[in-house]
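Protein chains in written order, with the numbering used here: chain A, 1 to 403; chain B, 404 to 806.
Here's the structure, in structure tokens; my notes come after.
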């Protein structure tokens with residue numbers, strides 16, 4: 001438990017300017033696994049101290065909620081990632097996050113962690129608490145029962161069956177509720193895929209590709225990109241699904257995240273044209289459920305057991321709707337070759353608002369291609385990419401931007 | 404002069420770990436303008452002190468020579484850039500650089516700066532001293548006459564009328580000469596264009612272009628790129644010529660460097676096809692000598708006075724040979740549009756070893772183009788770019804690499 005105490009302190013390093021860390025031995029605990037710290041009461045526990053300075057501290061604690069929430073990246077879908085911190089008398093007395101769909105929400109873990117100390121405390125939560133019975137009871141009731149004094153939320157929930165109802169329920173129970181405006185943007189970014197699905201009924205789509213330095217699409221990724229910590233491995237962990245072409249699936253090892261504990265994405269394989277048979281040689285029979293084939297005509301797939309859906313209209317909009325209906329919030333459209341089935345999906349993506357984000361990896365060589373410009377699609381005219389960021393990864397340059 | 408003393412100290416900041424700076428008032432001087440410091444003897448001067456530790460210090464002083472040499476970037480062609488430092492008893496007693504073709508060489512300015520203190524001193528020079536009578540007397544004689552003890556050179560001169568002859572002459576006069584191996588690469592990079600012209604008889608060519616984030620060539624440059632300190636303004640200052648298409652010259656302001664004291668590049672305008680008339684509206688009559696038109700058929704050019712050369716073979720190799728014969732060491736091939744006259748020049752540039760360097764600017768937007776891949780030329784297969792570097796400039800990413 002000493003180790004757990006130590007790691008807890010490390011993860012709060014950004015708060016050390018306002019809180020005093022006290023390291024003490026922790027009693028064993030096995031419950032509340034996704035409560036972040038192990039404690040019961042203030043005796044014999046690790047406690048970080050701070051003077052909560054009203055709303056000045058709200059940003060601090062909401063950022064900590066976001067940090068906690070991200071620990072479950074890639075595991076919560078179709079639910080959002082949520083983190084919660086309980087603060088009493090300027091001290092953090094409970095922390096938690098939502099680990100996985102079907103498991104309790106962040107508030108429950110944080111309240112369990114706080115125990116009796118939740119009474120008269122302030123609960124910080126990155127997303128509005130739910131007020132409905134789903135797979136778990138409403139978090140509003142848990143907060144009311146714990147007798148918290150007030151609740152600070154990072155953003156309201158865009159889910160129509162939640163939106164503002166959680167806040168209303170808390171207020172009606174006499175609990176003061178306020179929005180942490182300064183951190184709303186980071187809370188929105190944390191759950192951009194969940195929010196997009198809620199508002200549009202479609203999965204959030206990111207177009208990923210690799211270019212040579214002269215702008216030609218190349219069917220490879222940069223050195224180390226698919227290893228632990230590599231950008232591609234990280235993307236695969238964070239996305240619920242990955243769209244690839246049948247040509248790619250027939251010839252190449254299926255993409256895998258090498259992140260620790262990663263849940264692999266669903267492989268969404270696009271088969272178009274006259275093809276009546278598809279062999280996915282790198283997919284084992286027992287993993288057939290990890291892939292789904294979308295085709296515009298009947299097709300036989302090996303290994304058997306892979307679900308095949310024949311679509312009347314093979315277009316990105318209907319695919320993203322289908323995936324959202326199946327509970328996928330986010331999908332990576334992995335563009336590996338020009339002129340293939342993925343190209344036709346991406347026509348006019350900007351005008352139809354189908355792709356939300358673009359990730360381009362640039363490799364340090366000059367490629368020769370006689371074809372049409374590989375990425376000359378997206379709309380009828382040029383458009384800016386917003387919030388473009390770039391970084392160097394193993395001698396390559398990675399660019400990310402929003403459509 | 405106090406200001407000159409101060410700037411001299413600043414430019415030597417990288418040596419402060421091994422040298423002690425002593426700031427004193429400087430007497431006025433008007434001679435030896437391209438000697439770097441103002442002094443006559445050790446009284447009343449700025450002097451930086453160091454214990455010369457044999458060859459350990461050679462790298463330091465050769466790097467200083469390179470730094471001095473670069474002060475004349477864009478002005479020395481067809482000569483190389485050269486810097487010289489004279490060191491006696493661990494003290495820098497003279498510095499100089501070659502400012503411009505026709506002016507004295509770096510050694511002359513540095514020896515003038517050192518005066519009598521050159522006797523028994525070590526002369527550091529980034530390029531082998533010349534041993535022939537050109538527009539100025541040989542530097543070897545100046546070094547011998549000044550009675551320096553030894554000479555450290557950054558690299559031998561690839562010029563066939565110099566190569567190793569300077570070193571031989573010094574040795575025959577009893578002066579010890581050694582090559583600073585550790586800094587040879589930086590000396591070569593300093594004069595990569597000059598060396599290339601000497602060894603191949605062709606101008607050093609850099610292909611520059613701007614891409615959208617999806618790899619489409621766009622006819623624009625990034626915000627601020629042509630302003631003082633912008634990468635494009637700096638390139639224009641450092642290159643002797645710039646190759647542009649007649650379409651570009653007919654419709655757009657001619658590229659200008661905004662660097663302080665910049666010498667503008669020669670405009671080399673490529674006119675191909677049936678065109679019999681070319682109007683360069685942004686070139687004033689009195690500036691006609693700043694441009695040259697290369698055409699594959701007779702053509703009338705406005706303003707009159709612009710030199711027109713009709714080439715039997717309009718290809719990059721003959722153009723680069725022609726420019727080298729005219730004394731240009733370096734030329735920027737500014738690629739602004741696909742499918743134009745510049746595209747045809749660049750076919751197979753890698754296989755024919757015609758382009759030495761590539762500069763690609765990446766703008767944060769997605770462009771739509773129905774044409775063939777704009778930069779799908781260069782050779783019959785892909786090739787790596789070496790020593791690729793990238794940087795951010797005003798929200799764009801700049802990539803540079805060698806072919």
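Backbone N, C-alpha and C fix where the C-beta goes; we use that ideal spot for every residue, glycine too.
Since the model is a prediction, treat every value here as computed from it, not as a measurement.
Checking the DSSP bridge columns, you'll see residue 498 of chain B partnered with B:488.
Neighbours of residue 345 of chain A in chain B, taken as residues at a C-beta separation under 9 Å, are lacking, since the least C-beta distance is about 16 Å. Residue pairing by DSSP places residue 113 of chain A in no beta bridge whatsoever.
Scanning chain A for C-beta atoms nearer than 9 Å to the C-beta of residue 777 of chain B yields 214, 215 and 373, reported in chain order.
Of the residues B:710, B:604 and B:671, the one whose Cα lies closest to the Cα of residue 720 of chain B is B:604. Burial is judged here by how many other beta carbons sit within 10 angstroms of a residue's own beta carbon; residue 204 of chain A has at least 16 and is buried. Listed along chain B are 793, each with a C-beta nearer than 8 Å to that of residue 392 of chain A.
DSSP lists B:737 and B:762 as the bridge partner or partners of residue 611 of chain B. Think of a sphere of 7 Å around the beta carbon of residue 367 of chain A: the chain B residues whose beta carbon falls inside it are 785, in chain order. Around the beta carbon of residue 232 of chain A, 16 or more other beta carbons sit within 10 angstroms, so the residue counts as buried. For residue 781 of chain B, the chain A residues whose Cβ falls inside 8 Å of its Cβ are 214, 366 and 368, in order along the chain.
Two segments are said to touch when three or more pairs of C-beta atoms, one from each, lie closer than 8 Å; by this definition the segment 206-215 of chain A touches the segment 362-380 of chain A.
Neighbours of residue 397 of chain A across chain B, judged by C-beta separation under 9 Å: 765, 791, 793, 800 and 802. Proximity of the segment 340-349 of chain A to the segment 299-313 of chain A falls short of the contact definition, fewer than three beta-carbon pairs being nearer than 8 Å. Taking a contact as a CB-CB distance under 8 Å, the pair residue 476 of chain B and residue 640 of chain B counts as one, their CB atoms being some 7 Å apart. CA-to-CA, the gap between residue 578 of chain B and residue 611 of chain B works out to about 45 Å. The beta carbon of residue 132 of chain A sits closer than 8 Å to the beta carbons of 138, 161, 162 and 165 from its chain, once the five residues preceding and following it are set aside; these are given in chain order. The segment 722-737 of chain B makes no contact with the segment 699-710 of chain B: fewer than 3 CB pairs, one atom from each, lie closer than 8 Å.
Annotated three-state conformation of residue 728 of chain B is helix, per DSSP. Listed by position along chain A, the residues whose Cβ is nearer than 9 Å to that of residue 761 of chain B are 213, 214 and 366.
Segment contact: the segment 249-259 of chain A against the segment 640-657 of chain B, fewer than three CB-CB distances shorter than 8 Å; contact not assigned. When the alpha-carbon of residue 332 of chain A is set against those of A:355, A:322, A:344 and A:314, the nearest one is in A:355. By the criterion of at least three beta-carbon pairs nearer than 8 Å, the segment 71-85 of chain A is in contact with the segment 95-114 of chain A. Taking C-beta separations shorter than 6 Å and ignoring five residues to either side along the sequence, the partners of residue 704 of chain B in its chain run 681, 696 and 711, following chain order. The DSSP-derived three-state label of residue 59 of chain A is helix. For residue 636 of chain B, the secondary structure class from DSSP, reduced to helix, strand or coil, is helix. Residue 266 of chain A has a beta carbon lying at 7 Å or more from every beta carbon in chain B. Sequence-distant Cβ neighbours of residue 643 of chain B in its own chain, meaning closer than 7 Å and more than five residues away, are 480, 668, 669, 731, 732, 733 and 734. Around the beta carbon of residue 282 of chain A, fewer than 16 other beta carbons lie within 10 angstroms, which makes this residue exposed. Here residue 530 of chain B is actually not in contact with residue 555 of chain B; their C-beta atoms are around 12 Å apart, not less than 8 Å. By the criterion of a C-beta distance shorter than 6 Å, residue 225 of chain A is surrounded in its chain by 231 and 232, once the five residues flanking it on both sides are discounted.
When secondary structure is reduced to three states using DSSP, residue 796 of chain B falls in the strand class.
Counting only the Cα atoms, residue 68 of chain A lies some 12 Å from residue 60 of chain A. Among the residues facing chain B, residue 385 of chain A is included, as its CB has a counterpart in that chain under 7 Å away.
Secondary structure at residue 279 of chain A: strand, using DSSP grouped into helix, strand and coil. Judged by DSSP secondary structure, residue 597 of chain B falls outside any beta strand (DSSP E) and instead within the alpha helix (DSSP H) spanning 595-603.
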